[in-house]
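Residues 1129 to 1307, numbered by our numbering, are exactly what the sequence shown covers, in order.
Encoded as structure tokens, the structure appears first; notes follow it.
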Amino acid sequence: MIDTVSRIPSKTDSGISHMKGMTIDIEAERFNDWLEENYPDIVPESEAWEQAANLYYWVQEALADQAQWDHEHGLFVVSLNDVHQRYRHARQELKKLYALLDREQPELVYRMSFVHAVTVMEAYLMYCARALLEHDWPLKRFRDEYYLKPERIKKNKSSMCVRWNLICSGPSLAIMFPE
């Protein structure tokens, strides 16, 4: 039996091919404009024309790659602002894993769950490290919260004096100089 339905082109097929043709025409027009601007005296279909066409293709490909990289990097930078969201995601993954291990499982499942837990932890820590490399605000926040609080400074100075006295009264190898 011959399938006649698949041989009849639909309106969408002609619409898609029409759009494809229009896209090719627009791209050819852009190429011709670029060629006129950069190589006004070039002979069509010559070796120099082929080289110019290759150059145009490479430039367009490089621009497309740069645009894609800028877009993906922009998404990455935006996502770095929400490290807590990454933490919640990692925690959710571990909760799912923990729920799986509530029942008795073969040893292979336990091994795989351990590997998955390590992978989740590693991914989260790498994400945090990349956030620290990309932005200064986490380090500034840590500095402000930990080192610049007056009560913490007073407490650290007094505990440092006690530690210094203990260290100096102990064996000579245990002497450590405070920073």
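The beta-carbon is built from N, C-alpha and C at its ideal position, and this holds for glycine as well.
>> For a test of the three-state rule: what should DSSP assign to Pro1172, helix, strand or coil?
In response: Counted from its first residue, the sequence shown places residue 1172 at position 44. Note: Pro1172 maps to coil in three-state DSSP.
>> Does Ala1259 pass the burial test, meaning 16 or more other C-beta atoms within 10 Å, or should it be called exposed?
In response: By 1-based counting over the sequence shown, the position of residue 1259 is 131. Looking at its Cβ environment, which holds 16 or more other Cβ atoms inside 10 Å, Ala1259 is buried.
> Going straight from the alpha carbon of Lys1268 to that of Tyr1274, what length do you get?
Replying inline: Counted from its first residue, the sequence shown places residue 1268 at position 140. Counted from its first residue, the sequence shown places residue 1274 at position 146. In a straight line, the C-alpha of Lys1268 is about 10 angstroms away from that of Tyr1274.
> When you compare only the Cα positions, how much space is there between Leu1228 and Asp1272?
Replying inline: Walking along the sequence shown from the start, residue 1228 turns up at place 100. Walking along the sequence shown from the start, residue 1272 turns up at place 144. Roughly 41 angstroms between the two C-alpha positions.
> Near Trp1177, which residues of its chain fall below 7 angstroms by C-beta distance, leaving aside the five closest residues on each side in sequence?
Replying inline: Numbered from 1 along the sequence shown, position 49 holds the residue referred to as residue 1177. Ile1170, Val1171.
> Helix, strand or coil: which one does DSSP assign to His1212?
Replying inline: Counting from one through the sequence shown, the residue named residue 1212 turns up at place 84. If DSSP states are grouped into helix, strand and coil, His1212 belongs with the helices.
> Thinking just about the alpha-carbon of each residue, which of Pro1266, Arg1231, Glu1221 is nearest to the one in His1244?
Replying inline: Indexing the sequence shown from 1 puts residue 1244 at position 116. His1244 has its Cα closest to that of Glu1221, out of Pro1266, Arg1231, Glu1221.
> Since Ala1180 contacts Leu1203 with CB under 8 angstroms, what's their CB separation in whole angstroms?
Replying inline: Sequence index remark: in the sequence shown, residue 1180 carries index 52 (1-based). Sequence index remark: in the sequence shown, residue 1203 carries index 75 (1-based). Their Cβ separation, rounded to whole angstroms, is 35 angstroms, which puts Ala1180 and Leu1203 out of contact at 8 angstroms.
> Going by C-alpha distance, which of Gly1149, Val1187, Arg1216 is nearest Leu1253?
Replying inline: Walking along the sequence shown from the start, residue 1253 turns up at place 125. Answer by Cα proximity: Arg1216.
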